[in-house]
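Taking it in order: structure first as structure tokens, then the write-up.
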Amino acid sequence: MAAQQDFEWVQFSSSGEKAYCGQRMQYDIIIANKSSEKRSFHVRMKAEFRQQDPDLSWEFMHFGSVNRKNVASESQPILLSPSSENSAEKKLEIEGNLNREFQIILEAPRGAYSGDRISLLITVSSDDGIEKKEFRTDVEITTVIVVARANVGKEFEVAQNLINADRRDYEERMETNPKAQKEIISVLSPYELKGYFYLEVIHPDRIPLIAKKMRDFKGIIDPEKGFVNPQELAKYFEQKPSVTGINIGAFVELIKGPFRGEKARVMAIDQEREEVTVQFVESAMLIPVKVNAEDIRILDSGKP
């Protein structure tokens with residue numbers, strides 16, 4: 001417990017209104033006993049659901065007081081779902097003129113669908129009936145952008161293979177579950193990003209299963225360690241000349257057109273037409289060819 005802080009008598013903070021499948025969200029509650037006498041308080045939680053699968057549970061991992069080491073004492077997990085429990089309760093004894101602080105850790109279902117939602121009504125009240133306060137917070141399941149790893153030079157190829165594997169996985173699941181959704185919503189593989197690319201997904205933990213034994217795929221970074229804010233990707237969508245970042249002597253791969261897959265060296269750059277002249281290095285064709293700068297991917301910048 002701690003001495004009173006400067007707020008009315010109860011303080012509530014939430015970690016946000018969006019969550020991806022399996023994400024943990026934290027809610028902090030501080031109650032101040034303004035009286036000089038010891039008093040009892042109740043924290044009651046009631047959940048309302050809007051989700052496709054009524055058997056999926058939202059798990060409360062912690063529902064305990066914060067101790068002097070600032071670590072929440074762990075209680076038994078409480079499972080809330082439309083088909084089972086939808087409420088939980090905690091009683092707190094608070095000495096006079098002191099605060100009591102505790103945390104609620106809510107984990108979203110790993111198998112939830114995009115758009116599933118839980119609404120929490122949190123009521124804090126004193127047993128003597130003097131004080132009562134309600135807080136409402138909504139959490140909606142949304143997609144998450146994760147960072148995927150691939151062997152350098154194989155990022156675009158792996159991204160395409162993942163899209164194809166996801167489509168096959170989706171078709172298989174549709175046979176038994178008409179409500180199934182594709183796991184991969186979108187893919188971004190910037191040519192300047194070596195060894196990595198981005199995936200917008202529903203269930204991050206299923207991506208390694210879809211890509212199991214896939215050549216050149218090196219896994220994904222745990223969303224809790226490598227969560228990507230969509231605003232961080234804005235730089236990749238800025239309009240730039242196609243030849244930006246291309247140097248004479250750069251080692252490139254053609255990704256479009258009749259020469260797709262061929263490796264080449266950049267021999268000349270036409271800034272005005274946004275074209276590059278390349279010389280193939282693994283082909284019997286020795287005549288330099290002009291191609292659109294958007295049709296190549298840089299493998300090596302050619303800088304010393």
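Quick note on our numbering: the sequence shown kicks off at 1 and runs consecutively.
Glycine is no exception: its CB is placed at the ideal position from the N, C-alpha and C atoms.
Here the structure is a predicted model, which is why all the values come from computation and not from measurement.
#1: Using a Cβ distance threshold of 8 angstroms, determine whether the stretch 197-204 contacts the stretch 141-148, with at least three qualifying pairs required.
#2: Fully enclosed by the stretch 209-292, which beta strand (DSSP E) runs are 3 residues long or longer?
#3: Here's the rule: buried if 16 or more other CB atoms are within 10 angstroms of the residue's CB, otherwise exposed. What is residue 237?
#4: Leaving out five residues before and five after residue 19 in sequence, what residues of the same chain have Cβ atoms less than 8 angstroms from its Cβ?
#5: Using 10 angstroms around the beta-carbon of residue 268, count the other beta-carbons present and answer buried if the total reaches 16, otherwise exposed.
#6: Can you tell me where the alpha helix (DSSP H) holding residue 191 begins and where it ends?
#7: Between residue 54 and residue 81, what straight-line distance do the alpha-carbon atoms span, to the nearest angstrom?
#8: Tell me the residue span of the alpha helix (DSSP H) that contains residue 170.
#9: Counting Cβ pairs, one atom from each stretch, are 3 or more of them under 8 angstroms apart for the stretch 252-263 and the stretch 289-296?
#10: Assess contact between the stretch 36-51 and the stretch 107-124, defined as three or more Cβ pairs (one per stretch) separated by less than 8 angstroms. Is contact present?
#11: In whole angstroms, give me the CA-to-CA distance for residue 113 and residue 181.
#12: Leaving out five residues before and five after residue 263 in sequence, what residues of the same chain have Cβ atoms less than 6 angstroms from its Cβ?
#13: Spatial neighbours of residue 173 within its chain, please: CB distance less than 8 angstroms, with the 5 preceding and 5 following residues excluded, ordered by chain position.
#14: According to DSSP, is residue 55 part of a helix, a strand, or is it coil?
Well, looking at it:
#1: With the cut-off at 8 angstroms, the stretch 197-204 and the stretch 141-148 touch.
#2: Counting only runs of 3 or more, we get 217-220, 251-254, 263-270, 275-280 and 289-292.
#3: Residue 237 sits exposed, since fewer than 16 C-beta atoms from the chains shown fall within 10 Å of its C-beta.
#4: Excluding its 5 nearest sequence neighbours in each direction, residue 19 has C-beta neighbours in its own chain below 8 angstroms: 25, 108, 139, 140, 141 and 142, listed in chain order.
#5: Answer is exposed; the Cβ neighbour count stays below 16.
#6: Element bounds for residue 191: n/a, residue is neither H nor E.
#7: Residue 54 and residue 81 have their C-alpha atoms some 6 angstroms from each other.
#8: Annotation: the continuous alpha helix (DSSP H) that includes residue 170 extends over 155-174.
#9: Here the stretch 252-263 makes contact with the stretch 289-296; the two share three or more CB pairs at distances below 8 angstroms.
#10: Touching, yes, given that three or more Cβ pairs across the two stretches are closer than 8 angstroms.
#11: Each residue's Cα considered, the two are about 8 angstroms apart.
#12: Excluding five sequence positions before and after residue 263, the CB atoms of its chain that fall closer than 6 angstroms to its own CB belong to 253, 281 and 282, given in chain order.
#13: Within the same chain, residue 173 has close Cβ partners 180.
#14: DSSP places residue 55 in coil when its eight states are reduced to three.
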